[in-house]
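Under the numbering used here, the first residue of the sequence shown carries the number 18, and numbering increases by one thereafter. For glycine and all other residues, C-beta sits at the position ideal for the given N, C-alpha and C.
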Amino acid sequence: MKIRRKNTLSGGFSLVELLVVISIIVILASLIIASLPGIQNKANRNQVQNFMAELESGLEKYQIDHGIYPQNPSGSNGDRDSTGIEGAKVLYQHLSGDYLMDDGKVDPDEKIYVLRLDYWTSERNSKNPRSVKTSDGYTIVDTYGSPVRYIADPPNISPEERKTFNPTYDLWSTAGNEGDPDDFSVQANYITNWQSK
18 MKIRRKNTLS GGFSLVELLV VISIIVILAS LIIASLPGIQ NKANRNQVQN FMAELESGLE
78 KYQIDHGIYP QNPSGSNGDR DSTGIEGAKV LYQHLSGDYL MDDGKVDPDE KIYVLRLDYW
138 TSERNSKNPR SVKTSDGYTI VDTYGSPVRY IADPPNISPE ERKTFNPTYD LWSTAGNEGD
198 PDDFSVQANY ITNWQSK
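Shown next as structure tokens:
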């Protein structure tokens, strides 16, 4: 007669096995969390590039209709960065359809060159606004909330007086890199419509 022995080992995991699995999960989670800011920054940069492509398309349509790109105010004698910020207001005025810049809404009989750019429509999408109200009107902003910079020199300007790198206009975003605009290491992270010099 055979005597059967009962298996006394349970089918559970040992404490060491559980600690190893938990350690692996913690390591994987920390790697994922560490990579999130880089992924978010890349997504934001892509949004800025797409938005700038929309602005460039709107500028081309404007130029076809008017024969000239929107011009910066004639009194723009500041540095390149402050002139570019003033240019963001010019872009808003000419491309949004809110030419009067009185209420943030598209004016009657004004042509819209870039959709959803007017403040009223943009404000309703407060997660990612395209324009913001300032003390003296409205301005176009990028995904980071910084003003988009725009400079268009008047036609027939001498090369010595030119502020643009392009013969037509310069359009750029600081892409969240707020620092000394004359510092080349800061400028290297900008998103621009010209090639780096």
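- The beta carbon of Thr181 is closer than 6 Å to those of Ile168, Asp170, Asp187 in its chain, skipping five residues each way along the sequence.
- Looking at the backbone, the Cα of His111 and that of Ala51 are separated by about 42 Å.
- The residue among Leu32, Arg97, Ser91, Asn67 with its C-alpha nearest the C-alpha of Val131 is Asn67.
- Look at Gly101 here: in three-state DSSP terms it is helix.
- For Pro54, the secondary structure class from DSSP, reduced to helix, strand or coil, is helix.
- When secondary structure is reduced to three states using DSSP, Val158 falls in the strand class.
- In terms of Cβ geometry, Gly121 and Tyr109 do not form a close pair [threshold 7 Å].
- With at least 16 other beta carbons inside 10 angstroms of its own, Ala192 counts as buried.
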